[in-house]
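Reviewing the structure listed below.
Residue numbers (the numbering used here), protein chains in the order written: chain A, 21 to 421; chain B, 0 to 717.
Now the structure itself:
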């Protein structure tokens, strides 16, 4: 007995520099996530007691993001005390994993209405501050040849034959597309971040750098050269013996930005929608996770998307728009090559290179962004995919109803 | 109760235990452990004990563990090793938790287990004397400090500071040990040692903080932070990568040490000690540990200790040395000889070259002074011993002449004729050739029995190996003299018999030839280099060929063919040789010194010459050869060549082969040397793998007959 999992609403905060001085640095993670919950409640005139669970992705669940921030956010938002919450971590896939898990719970019929999304205040809780065997256990690092993602991203570019100019081009396009979408008001899922009084703290994405040019980007030094020289390149190349050396092509400008942000997607069954008077905007058709070589780490999205298409009984040509998280420019290039698609239908409104990648929140944001654009263009289906630490990949297909 | 630990209690109830085991040193063996146990029992029942001092009656404090015992531990015996290690540790733990102050009065070298014992005392005082060296050098033998050394040093001075001492086995003198926090106080005179220990005990009585270890005090924090510190986490990740860059993942010891150090940052002190014991037990049974102990301890002692030196000959001391030729080799030889206190005449045809050779020594010595390894005074004295000259007569009275000129037989003959009679009575003439037969050079000599080969490695002042080559007529006396000069020059001398390329030169060339053959077959050059590095060579075989230079290698081959020493049709890798000739003659790629070879060299480093794969790469040939086959083809060639050298008597001992291959031609240390490699691989399995390779790639891979002989005899290469 399966039932459809429908998206009733999908919202996100704007993204801002995830460092001291960033516009959202003053906002606590619990407040950022709770702000979206309150917004959902108001927009949909939601009786929160109908919500079974709040699932939030968070990749650095320590400090003020620790101890099940999802339940904390539900309480902080003043939601009915019967609403449960759980936080999950599948690295950069966490936000989409939250959506997928919610969809599976709904589809199973075991739950009816769930909020799924994520939160990551990278300005407050530093990336990596939760440690982990992958990052600071020598036996693991040496045994698994665990290198930083950026080394893998550079490796992907080298293996694909993509030059520094190619990845910079992706970056410039991302900036231009994101600026255009923002300036034209196409990001309908975006809601301002407000303080307790309702005063707006940040209304729009302010991480975008629309003036970026190929020339200005070319001047930047590669980010992972130093780590590579210290031995990380050797570690990676010992698995890629046909590559003489790694040409490091990724810089801060063609990699995703470190930002603060949160997302929330309201997902439920058709019945709960009818009961509560919620209008379904889209159906979650299929989800998939998989893993590929953990050394190169970022090649999972292609296999995940293919797996997801197969589950859905669809083919590449059935998908109208694609969102691949721009963790690094080469990830997008690799994904398009793996899927046989081009950038006319991929990341059409830019991505994390321009707007930033609040790790645990991004997946949920991409659902809202692709849904907005499917509606604007009056198209049917979209596929969202992200590369994930440990070589994993994740994908979700949605279609408008 | 053992009498090997002298137990003395003074009027203040301070017990001084003086370790005096039978034998030249205090080594941590069964008798030592029994003595320590007995002493601890006695201390436990000592009424009104005020403090404990541990010192040594020997010149060294404690020399460390018993390697014979460790090398015997076999896979499957880990649990026994673990239990024994835990037992020894529990004794050390009792010392630091006696409840009364304990002091290590370090009167001599405290290395390995010796330092671990000292670290188990609450306080450490050392004699400030050059003979007092401290360190945990276990990593160099493929081991880890299993007596609490990793846990205590990391806890004492912190992860980052302890790193080089544990991961690289860096040793320190007493002064440095004090400034690095290993020890608390120094005394200038041995007689002050016990007095200083006693006065510290008196001011730090039982129950005072001093009578405990920092890690046993409440609120203890490891200096520099534990594993939750972001900078330490980053250091761990970077250290892991840097380690891989250095070891290619082939040496377990530093990996195990790093693992244990990190665990020290995560768990309580006693649990960390247990983890250290487990890591130790899993490490000692690994072949890499056995190979390294065998090579760097047992066989190194054999080689350096003079196993290859004729026993009957008296010790010879060279006072005046002639060096012919002021080139790279001559300069280096002059410098090390002058440092060893030998008067040196460096003679060249031009005074300019001779003076330049002296200038090399001046620069080299100045560098040592700058590094603090030599005093200004000693350097000045050494430099004054070098006399540049163009006069043959300046060589008069030399005990030894080393000719180090261009590899040309006629030139070498001419020099012998010209200068041999300048040698003192009983003096020896040595040729520093790497390729020409000693017997042939000696033909010009009127005293061929006093003629020998001494093959130095470049740069002479840094490379420790010396290959001594006996010609057909070289006498035992001459060999002994050459050996003694080698020791004077602080070199490790291996002794081999005369054959083209001796041992080292002919063996080092084999993986290079094989790499050329692989390229000629169409295999991807990038793969060949990558797999080559995975064997554990510092650079890939193609890069090594570029350093040697294609031109030089081919010149040597051609010279040997011209001299009738080898036949072109016997070339085991003719395609590879043809490829090298084509690179040199048609593409002008003679090696790095000639502007490029397999690689091109630019300001940002080197990269493979792009045309190499364009000219030779063949996708189907490449696909037909697995990484495992590339690896074994590259590695088995020098191993097989070493076996042939042993079989044919070029090598006189297995130890010379192993030490020579590691120290002279880059045999990876995990192998324990190219001959030891066969023992670890298993002689029968090795023969089988050779047969497989021979079937596909050619007869050069057949195992030499000596392997079957040893299998029949049921012995390994030892």
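Here a beta-carbon is modelled for each residue, glycine too, at the ideal position from N, C-alpha and C.
Worksheet item: In terms of alpha-carbon separation, which member of B:484, B:285 and B:300 lies closest to residue 337 of chain B?
Response: B:484
Worksheet item: Helix or strand or just coil, what does DSSP make of residue 380 of chain B?
Response: helix
Worksheet item: How would you write the range of the beta strand (DSSP E) that residue 104 of chain B sits in, first residue to last?
Response: 101-105
Worksheet item: By the 10 Å Cβ neighbour count, where 16 or more other Cβ atoms means buried, how is residue 631 of chain B classified, buried or exposed?
Response: buried
Discussion item. Are the CB atoms of residue 74 of chain B and residue 111 of chain B within a distance shorter than 8 Å?
Written reply: no
Worksheet item: What residue ranges within the segment 603-664 of chain B form continuous beta strand (DSSP E) runs of no fewer than 3 residues, ordered along the chain?
Response: 604-607
Discussion item. Strictly below 7 Å CB to CB, what residues from chain A border residue 244 of chain B?
Written reply: 251 and 254
Practice prompt. Mind checking which residues open and close the alpha helix (DSSP H) that includes residue 321 of chain A?
Written response: 321-332
Discussion item. Which residue wins for smallest C-alpha separation from residue 588 of chain B, given the options B:453, B:258, B:105 and B:550?
Written reply: B:550
Item to complete: Would you tell me roughly how many angstroms separate the C-alpha atoms of residue 21 of chain A and residue 389 of chain A, rounded to the nearest one?
Response: In this prediction, residue 21 of chain A scores a pLDDT of 47, lower than 50, which makes its location untrustworthy; no coordinate-derived value is stated.
Worksheet item: By DSSP, does residue 99 of chain A sit in helix, in strand, or in coil?
Response: coil
Item to complete: Taking only the alpha-carbon atoms, compute the straight-line gap between residue 230 of chain B and residue 149 of chain A and give it to the nearest angstrom.
Response: 11 Å
Item to complete: Sort B:335, B:62 and B:629 by Cα distance to residue 688 of chain B and report the nearest one.
Response: B:629
Practice prompt. Please state if the CB of residue 376 of chain A and the CB of residue 78 of chain A are separated by a distance shorter than 8 Å.
Written response: no
Worksheet entry | beta strand (DSSP E) runs contained entirely in the segment 541-601 of chain B, provided each spans 3 or more residues | 598-601
Item to complete: Measure from the alpha carbon of residue 377 of chain B to the alpha carbon of each residue in B:364, B:389 and B:247, then state which is nearest.
Response: B:364
Discussion item. Cβ closer than 8 Å: which chain B residues qualify as neighbours of residue 151 of chain A?
Written reply: 226, 227 and 232
Discussion item. Considering only the alpha carbon of each residue, which of B:356, B:430, B:300 and B:461 lies closest to residue 367 of chain B?
Written reply: B:461
Discussion item. Could you tell me the alpha carbon to alpha carbon distance between residue 168 of chain A and residue 123 of chain A, rounded to whole angstroms?
Written reply: 32 Å
Practice prompt. Measuring only between beta-carbons, confirm whether residue 525 of chain B sits less than 8 Å from chain A.
Written response: yes
Fill in: Sequence ranges, beta strand (DSSP E) only - wholly within the segment 251-325 of chain A, length at least 3
279-288 and 302-311
Discussion item. Does residue 714 of chain B pass the burial test, meaning 16 or more other C-beta atoms within 10 Å, or should it be called exposed?
Written reply: exposed
Discussion item. Taking 7 Å as the limit between beta carbons, can you name the residues of its chain near residue 696 of chain B, skipping five residues before and five after?
Written reply: 632
Worksheet entry | Where residue 608 of chain B falls, given that 16 or more other Cβ within 10 Å makes a residue buried | buried
Worksheet item: Helix, strand or coil: how does DSSP classify residue 21 of chain A here?
Response: A caution first: residue 21 of chain A carries a pLDDT of 47, below 50, which makes its placement in the model unreliable, though a value can still be read off. Coil, per DSSP.
Discussion item. Strictly below 8 Å CB to CB, what residues from chain B border residue 175 of chain A?
Written reply: Residues of chain B passing the Cβ test: none, with the nearest at roughly 14 Å.
Worksheet item: Between which two residues does the beta strand (DSSP E) containing residue 531 of chain B stretch?
Response: Unbroken run through residue 531 of chain B is the alpha helix (DSSP H), 524-534; no beta strand (DSSP E).
Practice prompt. Using a Cβ cut-off of 8 Å (strictly closer), state whether residue 717 of chain B contacts chain A.
Written response: no
Worksheet item: Hey, which unbroken runs of the beta strand (DSSP E) at 3 residues or more fall wholly within the segment 373-449 of chain B?
Response: 385-388, 397-402 and 422-430
Discussion item. Quick check on the burial criterion: 16 or more other C-beta atoms within 10 angstroms. Buried or exposed for residue 62 of chain A?
Written reply: exposed
Worksheet entry | Cβ of residue 254 of chain B within 8 Å of any chain A Cβ | yes
Worksheet item: Out of B:465, B:12, B:512 and B:54, which has the shortest C-alpha to C-alpha gap to residue 491 of chain B?
Response: B:465
Discussion item. Which residue marks the beginning of the alpha helix (DSSP H) containing residue 716 of chain B, and which one marks its end?
Written reply: Counting along the chain, residue 716 of chain B falls outside any alpha helix (DSSP H), and DSSP gives it neither H nor E.
Discussion item. Taking the alpha helix (DSSP H) that residue 194 of chain A belongs to, which residues open and close that run?
Written reply: 184-203
Discussion item. Could you tell me which whole alpha helix (DSSP H) segments of length 4 or greater appear in the segment 443-489 of chain B?
Written reply: 475-487
Practice prompt. May I ask you to list, following chain order, the residues of the segment 131-143 of chain A that have a beta carbon less than 9 Å from some beta carbon of chain B?
Written response: none
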